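Data first, discussion second: the structure below is written as structure tokens.
2 protein chains.
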Amino acid sequence: MSPSLVTNGDVAAVITAPVAGRVASVYSEVQTSRIDHSLPLPSVFRNPFKIVDGPPSSAAGNPDEIAKLFPNLFGQPSVMLVPNGADSIRSDQKLKIGVVLSGGQAPGGHNVISGIFDYLQDRAKGSILYGFRGGPAGIMKCKYVELTADYIYPYRNQGGFDMICSGRDKIETPEQFKQAEETVMKLDLDGLLVIGGDDSNTNACLLAENFRGKNLKTQVIGCPKTIDGDLKCKEVPTSFGFDTACKIYAEMIGNVMIDARSTGKYYHFVRLMGRAASHITLECALQTHPNITIIGEEVAAKKLTLKNVTDYMVDIICKRAELGYNYGVILIPEGLIDFIPEVQQLIAELNEILAHDIVDENGLWKKKLTDQSRKLFEFLPQAIQEQLMLERDPHGNVQVAKIETEKMLIQMVETELEKRKQEGSYRGRFKGQSHFFGYEGRCGLPTDFDACYCYALGYGAGALLHSGKTGLISSVGNLCAPVEEWTVGGTALTSLMDVERRHGKFKPVIKKAMVELEGAPFKKFASMREQWALKNHYLSPGPIQFVGPASNAVNHTLLLELGAQA
Amino acid sequence: MSPSLVTNGDVAAVITAPVAGRVASVYSEVQTSRIDHSLPLPSVFRNPFKIVDGPPSSAAGNPDEIAKLFPNLFGQPSVMLVPNGADSIRSDQKLKIGVVLSGGQAPGGHNVISGIFDYLQDRAKGSILYGFRGGPAGIMKCKYVELTADYIYPYRNQGGFDMICSGRDKIETPEQFKQAEETVMKLDLDGLLVIGGDDSNTNACLLAENFRGKNLKTQVIGCPKTIDGDLKCKEVPTSFGFDTACKIYAEMIGNVMIDARSTGKYYHFVRLMGRAASHITLECALQTHPNITIIGEEVAAKKLTLKNVTDYMVDIICKRAELGYNYGVILIPEGLIDFIPEVQQLIAELNEILAHDIVDENGLWKKKLTDQSRKLFEFLPQAIQEQLMLERDPHGNVQVAKIETEKMLIQMVETELEKRKQEGSYRGRFKGQSHFFGYEGRCGLPTDFDACYCYALGYGAGALLHSGKTGLISSVGNLCAPVEEWTVGGTALTSLMDVERRHGKFKPVIKKAMVELEGAPFKKFASMREQWALKNHYLSPGPIQFVGPASNAVNHTLLLELGAQA
Numbered sequence: 002m003s004p005s006l007v008t009n010g011d012v013a014a015v016i017t018a019p020v021a022g023r024v025a026s027v028y029s030e031v032q033t034s035r036i037d038h039s040l041p042l043p044s045v046f047r048n049p050f051k052i053v054d055g056p057p058s059s060a061a062g063n064p065d066e067i068a069k070l071f072p073n074l075f076g077q078p079s080v081m082l083v084p085n086g087a088d089s090i091r092s093d094q095k096l097k098i099g100v101v102l103s104g105g106q107a108p109g110g111h112n113v114i115s116g117i118f119d120y121l122q123d124r125a126k127g128s129i130l131y132g133f134r135g136g137p138a139g140i141m142k143c144k145y146v147e148l149t150a151d152y153i154y155p156y157r158n159q160g161g162f163d164m165i166c167s168g169r170d171k172i173e174t175p176e177q178f179k180q181a182e183e184t185v186m187k188l189d190l191d192g193l194l195v196i197g198g199d200d201s202n203t204n205a206c207l208l209a210e211n212f213r214g215k216n217l218k219t220q221v222i223g224c225p226k227t228i229d230g231d232l233k234c235k236e237v238p239t240s241f242g243f244d245t246a247c248k249i250y251a252e253m254i255g256n257v258m259i260d261a262r263s264t265g266k267y268y269h270f271v272r273l274m275g276r277a278a279s280h281i282t283l284e285c286a287l288q289t290h291p292n293i294t295i296i297g298e299e300v301a302a303k304k305l306t307l308k309n310v311t312d313y314m315v316d317i318i319c320k321r322a323e324l325g326y327n328y329g330v331i332l333i334p335e336g337l338i339d340f341i342p343e344v345q346q347l348i349a350e351l352n353e354i355l356a357h358d359i360v361d362e363n364g365l366w367k368k369k370l371t372d373q374s375r376k377l378f379e380f381l382p383q384a385i386q387e388q389l390m391l392e393r394d395p396h397g398n399v400q401v402a403k404i405e406t407e408k409m410l411i412q413m414v415e416t417e418l419e420k421r422k423q424e425g426s427y428r429g430r431f432k433g434q435s436h437f438f439g440y441e442g443r444c445g446l447p448t449d450f451d452a453c454y455c456y457a458l459g460y461g462a463g464a465l466l467h468s469g470k471t472g473l474i475s476s477v478g479n480l481c482a483p484v485e486e487w488t489v490g491g492t493a494l495t496s497l498m499d500v501e502r503r504h505g506k507f508k509p510v511i512k513k514a515m516v517e518l519e520g521a522p523f524k525k526f527a528s529m530r531e532q533w534a535l536k537n538h539y540l541s542p543g544p545i546q547f548v549g550p551a552s553n554a555v556n557h558t559l560l561l562e563l564g565a566q567a
Numbered sequence: 002m003s004p005s006l007v008t009n010g011d012v013a014a015v016i017t018a019p020v021a022g023r024v025a026s027v028y029s030e031v032q033t034s035r036i037d038h039s040l041p042l043p044s045v046f047r048n049p050f051k052i053v054d055g056p057p058s059s060a061a062g063n064p065d066e067i068a069k070l071f072p073n074l075f076g077q078p079s080v081m082l083v084p085n086g087a088d089s090i091r092s093d094q095k096l097k098i099g100v101v102l103s104g105g106q107a108p109g110g111h112n113v114i115s116g117i118f119d120y121l122q123d124r125a126k127g128s129i130l131y132g133f134r135g136g137p138a139g140i141m142k143c144k145y146v147e148l149t150a151d152y153i154y155p156y157r158n159q160g161g162f163d164m165i166c167s168g169r170d171k172i173e174t175p176e177q178f179k180q181a182e183e184t185v186m187k188l189d190l191d192g193l194l195v196i197g198g199d200d201s202n203t204n205a206c207l208l209a210e211n212f213r214g215k216n217l218k219t220q221v222i223g224c225p226k227t228i229d230g231d232l233k234c235k236e237v238p239t240s241f242g243f244d245t246a247c248k249i250y251a252e253m254i255g256n257v258m259i260d261a262r263s264t265g266k267y268y269h270f271v272r273l274m275g276r277a278a279s280h281i282t283l284e285c286a287l288q289t290h291p292n293i294t295i296i297g298e299e300v301a302a303k304k305l306t307l308k309n310v311t312d313y314m315v316d317i318i319c320k321r322a323e324l325g326y327n328y329g330v331i332l333i334p335e336g337l338i339d340f341i342p343e344v345q346q347l348i349a350e351l352n353e354i355l356a357h358d359i360v361d362e363n364g365l366w367k368k369k370l371t372d373q374s375r376k377l378f379e380f381l382p383q384a385i386q387e388q389l390m391l392e393r394d395p396h397g398n399v400q401v402a403k404i405e406t407e408k409m410l411i412q413m414v415e416t417e418l419e420k421r422k423q424e425g426s427y428r429g430r431f432k433g434q435s436h437f438f439g440y441e442g443r444c445g446l447p448t449d450f451d452a453c454y455c456y457a458l459g460y461g462a463g464a465l466l467h468s469g470k471t472g473l474i475s476s477v478g479n480l481c482a483p484v485e486e487w488t489v490g491g492t493a494l495t496s497l498m499d500v501e502r503r504h505g506k507f508k509p510v511i512k513k514a515m516v517e518l519e520g521a522p523f524k525k526f527a528s529m530r531e532q533w534a535l536k537n538h539y540l541s542p543g544p545i546q547f548v549g550p551a552s553n554a555v556n557h558t559l560l561l562e563l564g565a566q567a
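For the protein sequence lines, the chains are A and B, in the order given. If you're matching positions, the first sequence starts at 2 in my numbering and goes up one per residue. If you're matching positions, the second sequence starts at 2 in my numbering and goes up one per residue.
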């Protein structure tokens, strides 16, 4: 049923699948070669298998509150797939399943969909798979497309979420839940696969609870997606997309490192995607060995100020200058500012002042700031001060996300170095170059790891739905072993949850997995960083390869975390 | 003699070459795999060859002036290597050769050096190769290192210029020429290989002329380097590094395209390296099919204003909105602003005013601008106006190079769209994301094409020096055929030259090769761009592969230019 590939003699081929979103798209040679790349599956899928329940589960925190919020689901066991001579799943059952992509893109999303599609083809022939368009809004508005073999084909092993697109809407209000119910009833859905991050999986669990509570047959399974790598736990060792995104960024960082060493005159300040947690920055550091790496979680734990961070950089830059190195590479997580308590304080005060007071040109308004905040404000470069005062979001608030931290730090480092030069403690030359590596990492062709991992997540989700499970997140483990040895199961979503108080009510949340300062990846980094600071141990991973060297390398974070668990 | 590779069990290997600049560097698996990748050579090198002179040459322009500037070299023929039963080059001669890297990095530079080294090993055993450190300054200061097999080994097929580093100094004044003479005499150099762009090759020719005029034995050969792709002519079909840089940028652009299509809400404005010519932007457009591409040379030829460029973008954005596409990808060459005559005029007027007048806060100073310039200034976004007024270089001039054109255009497009929205002619949503892809493209691992091309350029340069030639640029042709069929020769540098009047004197220059609006690459682009504008024909080349699909693809510019010549 695969559409034909018409090679056009050049470096590209045309995919002629007539119903696909990528109709008549021209594919590059590398994209084309990936489409037909066949993926191995964990060996449990080679033969009949059964699903074995684990012990009753609890919650990540406040189990009593979680029990109240999820009366139907709380306590249900996580499950594992194990080989079994007699297949415990009815193979003659035809299922109707919906799938939705939620939130920001992550490489591999399309493979989750091809994974569940292939499961249904292989094990529940005659089943139907619907793709909800544009994220959760597609569920609420009942905007969907039937996903056929032809439709899916051009997206196999491809980056992006464009097969059915994604969205950031949430199903939150009673009306929205009602809409979702109407959709699943209208389509007579047996199951729904929600591919998303922490919020989307929380939402998936609420949907599962709601459907179960209303005696609807629709089961809901989640799938861990986010390049940020902050949705993980013991049973879910990593979120998909993290591997590819980090390798794309690491390629660029490695290139910039060689450039730094070749010119000998630039400090490259590289801001990396990842607002909440610094996993991407940490992984990129482990892959490339930069001179300086700031990890947000450490900044927060040590309650560092912006001045501390600047001084840390400047101290290393001065020492490097003494060694004759007036160049270097510095990694900064996108969310750095959010980790610095004094910055949060300043922003809060500014929002207050901007909302209620007149900002006079002579700067008398600054007297309304606390001492600490005024000091910090005046420590900030002019351009950042102006940005804080001028650019507001629709609610009139300061737009912290718009601050280009890498540029701000370059200016602050410059100022401090100038001071030290005048004091005679620095005799080097400094020239900063800023970079933000972000969007280019979210939609690249998935690495072999992400391609296989996602395919297994999707295939496993099919098995969970097929066996009547709900409120689980698809979990594939033992990821450092060959794919054949990977484990497959489902983890009770309620077991990942805690509550947060919002507007006086308890809301269930899956806490973001932050960089653990006691975890193996950070400890490895911490043990190396002094060496990396003063010597140049740059490592240039090069472009992601799909054949040959490093094509099936596992990222450091995963290797170290799984090693540490063993 | 190769140092051993100690695999450390992880994804990297340590190169233990004790004398190398990359001592104890940890190499990634991909880097390691490239080091021992053996390169094919053009078949002319398989057997004895001789060097055949072509007809007497002239100059690219003003031959009379070039003849005066190069009395010893003007008119000398270009040469070709041809197979010959009896080797015409004395193979027992031991040579002393110096090599220098000049200007900005370009992937493949290290392979030029390994190419000439291997030539000397293979054909002039016992020869010595010196590497001048830090660019032409290394020649003037006689700062060099002897390049041995061990020294060169870790840099084979690797990116960057860090083997001997580069620099932007020029050998210009009589004193500097004197220093260069002293160095070549001190080292008893038979030859010097200058790896650089248009300026560096002009300089190489001046050195050749000077040495010849003073009866020094040192011959000088140039080598065409620049990622910008603007050093080329009939005999030199491309400069090295262009292929790799474009493929690195195209990978990122392709990723951003999939992201744009997946989110459906961003216009990505991508500025690409290349100040003088827009070859990189054009090649990336041919590789990826963006919705809008601005080519500086066309803007200049059509004498477009900034308003014209903005309107062109806005017209397409409006049409796309009608089709339901509120997203897209736009490529902008780094040097765009330099191509717009009215901007040049404004900058000149601003420099004049800033130097001599008081800039009052009420803006009365603007009356000193001509009508056209005042209009343009007021058309510019506030932030750019401020940048023009505040940021000056050490000479007090406006810093045009610091203007982030992509951000400026986003603001201008936003303003214009707002206007059209109010007029009722636009009902879409617009959100711009800015990118600059620059430094990450200069030092990547060279593509197979650049690796082979550079190796042949270096190997050929060895042959030219061995046969006593001077004032030539190493020329490798027939580049769309398999490497075995590539032609090897040397082109008289004087034949590429014209003169420019500077400070009342004629200066020889190799004119930069700009994008030809009548050339095949631009015509291909022009024939496709309307289709690309409104339909989404995005092509995502993916990461550069060293094995398998597309690993030996030739770039479009070269394919089209060589096809057009045939």
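Ideal Cβ placement from N, Cα and C applies to all residues, glycine included. Being a predicted model, the structure only gives us computed values, none of them experimental.
query                                                                                                                                                                 : result
Identify which residue in B/I117, B/E485, B/Q373 and B/L355 has its Cα closest to the Cα of B/Q400.                                                                   : B/L355
If you check the beta carbons only, do B/Y460 and B/D119 fall under 8 Å apart?                                                                                        : yes
Is the beta carbon of A/V489 less than 8 Å from the beta carbon of A/L82?                                                                                             : yes
What's the gap between the Cα of A/D189 and the Cα of A/I153?                                                                                                         : 22 Å
Using only the alpha-carbon positions, how far apart do A/P542 and B/L446 sit?                                                                                        : 10 Å
Helix, strand or coil for B/Q288, going by three-state DSSP, please let me know.                                                                                      : helix
Report the residues of the region 253-287 of chain B with a CB closer than 9 Å to any CB of chain A, ordered along the chain.                                         : M253, I254, G255, N256, V257, M258, I259, D260, A261, R262, S263, T264, G265, Y267 and H269
With a threshold of 8 Å between beta-carbons, can A/E419 be considered close to chain B, or not?                                                                      : no
Do you know whose CA, among B/M141, B/K512 and B/M498, lies nearest B/E66's CA?                                                                                       : B/M498
What is the DSSP secondary structure of B/K508, reduced to helix, strand or coil?                                                                                     : strand
In chain order, what residues of the same chain have a beta carbon less than 7 Å from the beta carbon of A/T406, not counting five sequence neighbours either side?   : R272, I333, L337 and I338
Who does A/H436 pair with in a DSSP beta bridge?                                                                                                                      : A/V271
Taking the alpha carbon of A/F46 as the reference point, which residue from A/P84, A/K171 and A/K303 has its own alpha carbon closest?                                : A/P84
Go through the region 122-201 of chain A residue by residue and report every complete run of the alpha helix (DSSP H) that reaches 4 residues or more, in order.      : 137-141, 150-153 and 175-187
Would you kindly work out how many angstroms separate the C-alpha atoms of B/V113 and B/G197, rounded to a whole number?                                              : 11 Å
At the level of alpha carbons, what is the spacing between A/L40 and A/S115?                                                                                          : 11 Å
Which first and last residues belong to the alpha helix (DSSP H) in which A/T492 is found?                                                                            : It is not in any alpha helix (DSSP H) - A/T492 instead sits in the beta strand (DSSP E) that spans T488 to A493.
Please check the pair B/L307 and B/I341, which I expect to be a contact at CB under 8 Å, by giving their CB distance rounded to whole angstroms.                      : 6 Å
Which residues in the same chain as B/C453 place their Cβ atom closer than 7 Å to its Cβ, once the five residues preceding and following it in sequence are excluded? : L40, P41 and V484
Could you name the residues of chain A that B/G329 contacts, counting a contact when the two beta carbons are closer than 9 Å?                                        : Per Cβ cutoff of 9 Å: no residues; B/G329 is ~13 Å from chain A at best.
Compare the C-alpha of A/N216 against each of A/L74, A/Y539, A/Y131 and A/K69 and name the closest.                                                                   : A/L74
Answer yes or no: does any C-beta atom of chain B fall closer than 8 Å to that of A/I545?                                                                             : yes
Determine whether the Cβ of A/V548 lies closer than 8 Å to any Cβ atom of chain B.                                                                                    : yes
With 8 Å as the threshold, decide whether the Cβ of A/A452 is near any Cβ in chain B.                                                                                 : no
Would you report the Cα separation of A/G110 and B/Q32, rounded to the nearest angstrom?                                                                              : 29 Å
Give a yes or no on whether the minimum CB-CB distance between A/E353 and chain D is below 8 Å.                                                                       : No chain D is part of this structure, whose protein chains are labelled A and B.
Using alpha carbons as the reference points, say which of A/L148, A/S240 and A/V510 lies closest to A/R502.                                                           : A/V510
Can you give me, in chain order, the residues of the region 442-475 of chain A that have a beta carbon less than 8 Å from any beta carbon in chain B?                 : G442, R443, C444, G445 and L446
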